[in-house]
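This report concerns only the one structure given below.
Protein chains: 2
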Amino acid sequence: MLTATTISVADEANDSRLRLVRSAARLVHAESYHSVGVKAICEAAGVQRGSFYHFFPSKTALMLEAIEYAWKEFDRDGLDACRDQSLTPRQRIEGLVAYLFECQHGDRSRTGNVPGCMFGNLAAEATASDDEIRLRLLSAFDDWATAIEAPLAEALSKGDISIDRSPGDTAFAIVAELEGLITLAKVHNDPDIIRSGGQHMVDRLWHARETRP
Amino acid sequence: MLTATTISVADEANDSRLRLVRSAARLVHAESYHSVGVKAICEAAGVQRGSFYHFFPSKTALMLEAIEYAWKEFDRDGLDACRDQSLTPRQRIEGLVAYLFECQHGDRSRTGNVPGCMFGNLAAEATASDDEIRLRLLSAFDDWATAIEAPLAEALSKGDISIDRSPGDTAFAIVAELEGLITLAKVHNDPDIIRSGGQHMVDRLWHARETRP
Numbered sequence: 002m003l004t005a006t007t008i009s010v011a012d013e014a015n016d017s018r019l020r021l022v023r024s025a026a027r028l029v030h031a032e033s034y035h036s037v038g039v040k041a042i043c044e045a046a047g048v049q050r051g052s053f054y055h056f057f058p059s060k061t062a063l064m065l066e067a068i069e070y071a072w073k074e075f076d077r078d079g080l081d082a083c084r085d086q087s088l089t090p091r092q093r094i095e096g097l098v099a100y101l102f103e104c105q106h107g108d109r110s111r112t113g114n115v116p117g118c119m120f121g122n123l124a125a126e127a128t129a130s131d132d133e134i135r136l137r138l139l140s141a142f143d144d145w146a147t148a149i150e151a152p153l154a155e156a157l158s159k160g161d162i163s164i165d166r167s168p169g170d171t172a173f174a175i176v177a178e179l180e181g182l183i184t185l186a187k188v189h190n191d192p193d194i195i196r197s198g199g200q201h202m203v204d205r206l207w208h209a210r211e212t213r214p
Numbered sequence: 002m003l004t005a006t007t008i009s010v011a012d013e014a015n016d017s018r019l020r021l022v023r024s025a026a027r028l029v030h031a032e033s034y035h036s037v038g039v040k041a042i043c044e045a046a047g048v049q050r051g052s053f054y055h056f057f058p059s060k061t062a063l064m065l066e067a068i069e070y071a072w073k074e075f076d077r078d079g080l081d082a083c084r085d086q087s088l089t090p091r092q093r094i095e096g097l098v099a100y101l102f103e104c105q106h107g108d109r110s111r112t113g114n115v116p117g118c119m120f121g122n123l124a125a126e127a128t129a130s131d132d133e134i135r136l137r138l139l140s141a142f143d144d145w146a147t148a149i150e151a152p153l154a155e156a157l158s159k160g161d162i163s164i165d166r167s168p169g170d171t172a173f174a175i176v177a178e179l180e181g182l183i184t185l186a187k188v189h190n191d192p193d194i195i196r197s198g199g200q201h202m203v204d205r206l207w208h209a210r211e212t213r214p
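So the sequence lines, in the order shown, correspond to chains A and B.
First residue of the first sequence: 2, per this note's numbering; consecutive thereafter.
First residue of the second sequence: 2, per this note's numbering; consecutive thereafter.
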C-alpha cells in the first residue's frame, strides 16, 4: 500500500532523475558531450554522484533521455509553428526559422556564445561507439523533416511553390540547409546567419525575387 | 655549427612532431576532439607521452596544427576542382561535391562509419574555451567559400546562372548547405546524401529543371 512517505520518496526520486536529464541537456548543449562528465552533471543537478547509477545504467542512457527531453521542447516550441493552421505555409516555415534564430540569439545574449543545434552538435560528436545516440538523432531529424513536409505539400497543392523533388525530399534538404546555417552561425558566433540565410531559403522556395543585401 | 648528428636529431624531432599532427587529425576526425586524449594521440604517433609538451604547449596548440594540416589536404585535393580552368564553372562545383562524397564514402568503406566533416565536427564541439579553434575554423570556412565564389562569378558573368545574392554570399550559402548535407550523411551513415543533395543543389543553381527521383 502506498503511504504519504513512499509517495514522497518516489516524488523525490523522480525529481532527481528529471534534474539529471535537464542538467545533461543544458550542459551538453552549452559545452559538448565528451567534455561534460557524469560528475559535472550530478553537481549541476544537485544529485549525489553515488546515486547516478541508481537512475541511469550509463552516461549514454542519460544522454538518450536528454535528447528526448530537448526534442520534446523543440517539437513543442519550434515545430509548433509548422503546424499552425492559422498561418500560411510560408509563414509556418518562416516561424520555424524565426524560432531557430531566437534560440541562438537568446543563448548568445545570455552566455556570449552561439551554442549551435544540440542535435547537430551531438551528431558531429557521435562516433561508432555512440550508435544508439546516432539512431535517436536520425529519428529526430526525420520527425523534423516530416513537420516541414506538411506546409510544403500544402503550398505545392495551392500552386504557391514549384519544387523539383517531392515535399518530403525537399523538407529533408531544408533541414540540411538549416543545420548548415546553424553550424556557420556557431563558427561566426553570429545568429543573424540563420535569420538571413533562412529568409533567403524561404524566398527561394516561394520564388520571391527581390534582391536582399 | 650543424653536424650530421644534430641534423639527424632535428629530422627525428620534425618527424615526431609531424606524426603527432597527423595522428591528431586522423583520430579526432574518426572520433571527436574531447574524446581523444593526448595519451591516445601519442600512442598512435609512436611518440613518448613525456615528450609531447616538448613539441606543443597544449592539446589546443596541437589541434590548431592538425586543422592546418587537414585544411591543406582539403585545399589541395578538394578545392582544386574549383580552380581547374579546364572545367566549366558547373563542373568545378560538381567536382567539389564528388570529392566530398568520395571522402565520406571511402571512410565508410574502410571503417564502417561516415565520419562527417572534420571542420564541421570541430565547430560543433568547439566551446567558449576553444575560441582559438573556432576562429581557425572560421578562416577555413571563409577560404572554402572564396574557392566556390570564383566559378560562381564566372558562371554569372557568362549568364549561365541567375542568383539573387552576390557570388560571395551565394558561395557562403553553398558551404552551409554542403555542411548540412554532410551532417545528415553522418546521422544516416549514408554518404549518398551528399551526392544526391549536392547534385540537386548544382541543378538548382544552373536552373536545370529535370525531375530527379
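We treat Cβ as the ideally placed atom computed from N, Cα and C, and that holds for glycine.
Contact with chain A by residue i, beta-carbon distance below 8 Å
{"i": "B:H208", "result": "no"}
{"i": "B:N15", "result": "no"}
{"i": "B:L139", "result": "yes"}
{"i": "B:E150", "result": "no"}
{"i": "B:E95", "result": "no"}
{"i": "B:G107", "result": "no"}
{"i": "B:S24", "result": "no"}
{"i": "B:R20", "result": "no"}
{"i": "B:R135", "result": "yes"}
{"i": "B:S87", "result": "no"}
Contact with chain B by residue i, beta-carbon distance below 8 Å
{"i": "A:T212", "result": "The pLDDT assigned to A:T212 is 36, lower than 50, so where the model puts this residue is not dependable, and the model offers no usable value."}
{"i": "A:R196", "result": "no"}
{"i": "A:S158", "result": "no"}
Neighbour list for residue i in chain A, Cβ cutoff strictly below 7 Å
{"i": "B:F142", "result": "L185, V188"}
{"i": "B:S110", "result": "Neighbours of B:S110 on chain A: none; closest Cβ ~14 Å, over 7 Å."}
For residue j and residue i, believed in contact at Cβ under 8 Å, the rounded distance
{"i": "A:V22", "j": "A:Y70", "result": "5 Å"}
{"i": "B:V203", "j": "B:V98", "result": "7 Å"}
{"i": "B:K187", "j": "A:A124", "result": "6 Å"}
{"i": "B:L182", "j": "B:G199", "result": "6 Å"}
{"i": "B:P152", "j": "B:R93", "result": "4 Å"}
{"i": "A:G113", "j": "B:A129", "result": "7 Å"}
{"i": "B:A148", "j": "B:C83", "result": "4 Å"}
{"i": "B:A127", "j": "B:L138", "result": "7 Å"}
{"i": "B:L65", "j": "B:I134", "result": "7 Å"}
Other residues of its chain near residue i: CB distance less than 6 Å, five sequence neighbours each side excluded
{"i": "B:H201", "result": "none"}
{"i": "A:R213", "result": "Residue confidence for A:R213 is low, a pLDDT of 37 falling below 50, so the modelled location carries little weight; the figure read from the coordinates is stated next. None."}
{"i": "B:S24", "result": "I42, A45, A46"}
{"i": "B:W145", "result": "V176"}
{"i": "B:L206", "result": "I162"}
{"i": "B:V37", "result": "L28, V29"}
{"i": "A:F102", "result": "P192, I195, R196"}
{"i": "B:G169", "result": "E150"}
{"i": "B:V115", "result": "Q105, R109, A186, K187, N190, P192"}
Amino acids of chain B, ordered along the chain, whose beta-carbon sits closer than 8 Å to that of residue i
{"i": "A:L179", "result": "G181"}
{"i": "A:R50", "result": "Chain B residues near A:R50: none, gap ~20 Å exceeds 8 Å."}
{"i": "A:R77", "result": "Result: empty, since nearest Cβ-Cβ is about 22 Å, beyond 8 Å."}
Span of the alpha helix (DSSP H) around residue i
{"i": "A:C83", "result": "Segment: none, A:C83 is in no alpha helix (DSSP H) and carries neither H nor E."}
{"i": "A:R137", "result": "132 to 158"}
{"i": "B:P90", "result": "90 to 112"}
{"i": "A:Y54", "result": "53 to 56"}
{"i": "B:T1", "result": "Absent from the model: residue 1 of chain B. The displayed extent of chain B is 2 to 214, so no value can be given."}
{"i": "B:H201", "result": "193 to 206"}
{"i": "B:D170", "result": "168 to 189"}
{"i": "B:I42", "result": "39 to 46"}
9 Å Cβ cut-off: residues of chain A touching residue i
{"i": "B:A125", "result": "S33, G117, C118, G121, N122, L123, A124, A125, E126, T184, K187"}
{"i": "B:H201", "result": "D165, R166, D170, A174"}
{"i": "B:G113", "result": "A129"}
Contacts around residue i, its chain only, beta-carbon distance under 7 Å, and the 5 residues preceding and following it disregarded
{"i": "A:A67", "result": "V22, A25, A26, V29"}
{"i": "B:H106", "result": "P192"}
{"i": "A:E180", "result": "C118, G121"}
{"i": "A:R20", "result": "A46, G47, V48"}
{"i": "A:A209", "result": "Note that A:A209 has pLDDT 45, beneath the 50 cutoff, so the model's placement of it is unreliable and the number below is only indicative. Once the five neighbours on either side are set aside, A:A209 has no close Cβ partner at all."}
Proximal residues of chain B, C-beta to C-beta of residue i below 9 Å
{"i": "A:A45", "result": "Result: empty, since nearest Cβ-Cβ is about 15 Å, beyond 9 Å."}
{"i": "A:S59", "result": "Going along chain B, no residue has its Cβ under 9 Å from A:S59, so there is no contact; the nearest lies around 15 Å."}
Chain-order list of residues whose beta-carbon lies under 8 Å from that of residue i (same chain, five-residue window excluded)
{"i": "B:F173", "result": "A146"}
{"i": "B:Q49", "result": "C43"}
{"i": "B:G79", "result": "L97, Y100, L101, C104"}
Partner residues on chain B for residue i, Cβ-Cβ distance less than 7 Å
{"i": "A:S9", "result": "Ordered by position in chain B, no residue passes the 7 Å Cβ test against A:S9, which lies about 39 Å from the chain."}
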